[in-house]
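In order, the protein sequence lines correspond to chains A and B. Numbering-wise, the first sequence is residues 1045 to 1159 according to my numbering. Numbering-wise, the second sequence is residues 57 to 170 according to my numbering.
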Amino acid sequence: DAGVTQSPTHLIKTRGQQVTLRCSPKSGHDTVSWYQQALGQGPQFIFQYYEEEERQRGNFPDRFSGHQFPNYSSELNVNALLLGDSALYLCASSLGITGWSYGYTFGSGTRLTVV
Amino acid sequence: AQKVTQAQTEISVVEKEDVTLDCVYETRDTTYYLFWYKQPPSGELVFLIRRNSFDEQNEISGRYSWNFQKSTSSFNFTITASQVVDSAVYFCALNAGNNRKLIWGLGTSLAVNP
């Protein structure tokens, strides 16, 4: 039973560039949430997708956008990268509109470094 | 406002010692959920437990136990007879209100030394 798969695992980008991170949820899960985790911090909620729609968004600027595909996989896009965007980006999947409240399944994350 | 405080930044113990990780939360909602997650060096957050605000029963799972006390807004986590494999960062998280996101503490880094 495949867990949450994220790609790539590591990424180095230059300030001002754009980046796309990808996530495949756990088999059977249909909801994807994205979190940003800066070094030494707890994760910060970016947004959640369910039925291909953004259902809730955290306090992140419009430079952060996402998409969910019919197969439930998801992408996180960040435009005009800033040094402060350097972090571990975690994808979490769950089942149904409230399944996340029973506990997410997380991927190992994508480590983004902006130079 | 919703907040989770994990006052212990780092804890270091010797194998087989018992260790308690503290978590204090703040919320005005009467319905909420509390979680503990483990983050090993690989980075993947592993779900350990979920508790809702109406269930104050303590829980034990093997060497792990959780003590939920609404009177002190605390949800503490104890590892009995710690092992080297328990070394990780442990996060306490809160969900409250009509909200889809988790509010996380800063985590406690636990090092279990042989």
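A virtual CB, placed ideally from N, CA and C, is assigned to each residue, including glycine. Computed from a prediction, not measured in an experiment: that's the story for all the values here.
Give the secondary structure of T136 of chain B by DSSP, where H, G and I count as helix, E and B as strand, and everything else as coil.
Coil, per DSSP.
Nearest by alpha-carbon distance to E112 of chain B: which of B:P96, B:V60 and B:S129 is it?
Checking every option, the nearest Cα to that of E112 of chain B belongs to B:S129.
Since R106 of chain B and Y89 of chain B are thought to touch, with beta carbons under 8 Å apart, how far apart are those beta carbons, to the nearest angstrom?
With a Cβ gap of about 6 Å, R106 of chain B and Y89 of chain B count as contacting.
Given that P1087 of chain A touches chain B, what residues does it touch there, using C-beta distances under 7 Å?
The contacting residues are W160.
Considering Cα atoms alone, identify which of A:V1076, A:F1091, A:Q1080 and A:L1126 is closest to G1140 of chain A.
It is A:V1076 whose Cα lies nearest to the Cα of G1140 of chain A.
Once you ignore the five residues that flank T1142 of chain A on each side, which residues in its own chain have a CB closer than 6 Å to its CB?
Excluding residues up to 5 positions away in sequence, nothing lies with its Cβ nearer than 6 Å to the Cβ of T1142 of chain A in the same chain.
Run of the beta strand (DSSP E) containing R1059 of chain A, from where it starts to where it stops:
DSSP places R1059 of chain A in no beta strand (DSSP E); its state is neither H nor E.
Applying the 10 Å Cβ sphere with the 16-neighbour rule, what's the burial state of F1113 of chain A?
Label assigned to F1113 of chain A: exposed.
How long is the line joining the alpha carbons of D1129 of chain A and L1156 of chain A, rounded to whole angstroms?
Straight-line Cα distance between these residues: approximately 8 Å.
Could you check whether the Cβ of S1145 of chain A sits closer than 8 Å to any Cβ belonging to chain B?
At a cut-off of 8 Å, the C-beta of S1145 of chain A has a neighbouring C-beta in chain B.
If the cut-off is 7 Å on Cβ atoms, which residues from the stretch 1095-1114 of chain A count as contacting chain B, listed in chain order?
Within the stretch 1095-1114 of chain A, the qualifying residues are R1099, Q1100 and G1102.
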